[in-house]
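These notes concern the structure reproduced below.
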Amino acid sequence: MYKTLLLAGLVGLASAKPQVPPSPVLLTTTKAGVVPVAPTPFPGVETIEGALIDDGPALPGFVGPGGNATVQSNLPAATYSAVLPSTNFDNLTGSTITGTIVGMAMQGGQGVMFNISFSGLPDAAMYGPLVYHIHEMPVSGGNCTTSLGHLDPTNRGELHACDTANPASCQAGDLAGKHGNITSATFMATYTDPYLSTNPNSSYFFGNRSIVIHSKNATRLTCANFAMGTNGSNSSTSTSASGSSPSSTAGASAANSLNCFSAAAYAMIIAVASVYLL
Ligand SMILES: [Cu+2]
């Protein structure tokens, strides 16, 4: 009896070992925002990550096959926010980016007002200017590459830089292209983007998607999912970005490891208690 209980406890402890962070997934070039090989102006890029928009010059008059983006109006009142995890997906730069992005719309309003506060951004002269986008899919398992390409309902693609003179021609998810890149260690911005929506029935809806911050060469440094409310989704294991090396423990992995440890500890407590009670 005691041996059985002790064995149960040891099995539980064995499952408490830290999980290995996920590897980047191989993206399909049929998805918007994905290029098979990115340029490598500095070492360390993971070239399968894709989602790189040509950084210029813009081609005036260029629009995607879906035409210009549609202004989103008569929106439902809602707030969606994303909180960056405490551990970045890719520690290429050695700098941990943290912060939040909050998007909200007023009842019956037009467009989404964003409030952004990022800090810990790496040296822009070496890794920047950094860009950030709303990506098509939510992050799964702490892996930023699972967010695939950019939110691009007009199927504009990445061949030409966003033309700020005509933001309707840009990818809806290209926030950096439309509103400016990240060029400093601390980045704060507030703006209203008329081409995003809080209506879940709109193809411009961003509330179930993700935010990704890239270095200049497309490496996905960190990411987080949007979730309804002002607290973001960082508490969910499906949204925390994870490190790309075993030494960079993922938020998700840490949470899972904690759960495993809790289960192991629980099993041990039961085993020990049983010894005394029986
Ligand atoms: Cu991106």
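For the sequence shown, our numbering assigns the number -2 to the initial residue and increments by one for each residue that follows. The beta carbon of each residue, even a glycine, is placed where N, CA and C say it ideally should be. Remember, predicted model here, so these are calculated numbers, not experimental data.
Hey, would you say residue i sits closer than 9 angstroms to residue j, going by beta carbons?
i: L72; j: N196; result: yes
i: G117; j: T97; result: no
i: L218; j: F86; result: yes
i: Y134; j: L127; result: Per the sequence shown, the amino acid found at residue 134 is Met instead of Tyr. Contact flag unset, no.
i: S78; j: G108; result: no
i: I55; j: C159; result: Checking the sequence shown, residue 55 turns out to be Ala, not Ile. Yes. Within cutoff.
i: I131; j: I179; result: no
i: K213; j: G91; result: no
i: F115; j: F184; result: yes
i: T161; j: G170; result: no
i: M101; j: T76; result: yes
Between residue i and the rest of its own chain, which residues show a CB-CB distance below 6 angstroms, the 5 nearest in sequence each way excluded?
i: G63; result: T151 and N152
i: H176; result: Y188
i: V68; result: P191
i: A182; result: L118
i: F39; result: For F39, the predicted structure reports a pLDDT of 41, less than 50, and the residue's modelled location is therefore unreliable. A value from the coordinates is still provided. Once the five neighbours on either side are set aside, F39 has no close Cβ partner at all.
i: A121; result: T180
By Cβ distance below 8 angstroms, which residues in the same chain neighbour residue i in space, the five residues on each side in sequence not counted?
i: N279; result: As displayed, the chain neither begins before -2 nor continues past 275, which places residue 279 out of reach and without an answer.
i: T187; result: M110, F111, N112 and I113
i: Y201; result: A66, T67, Q69, L148, P150, A169, Y192, L193 and S194
i: G53; result: A158
Under the DSSP definition of a beta bridge, which residues are partnered with residue i?
i: L300; result: The question about residue 300 has no answer here: the residues shown for the chain are numbered -2 through 275.
i: Y201; result: Paired residues: none, contrary to the question.
i: S92; result: According to DSSP, S92 bridges with nothing at all.
i: M110; result: M101 and T189
i: L296; result: As shown, the chain starts at -2 and ends at 275. That puts residue 296 outside it, with no answer to give.
i: C220; result: V209
Might you give, ordered along the chain, the residues of its own chain that have their beta carbon closer than 7 angstroms to the beta carbon of residue i, omitting 5 neighbours on each side?
i: M103; result: A74
Open item on the list: For the pair the segment 219 to 226 and the segment 188 to 206, tell me if three or more CB-CB distances fall below 8 angstroms.
Closed with: yes
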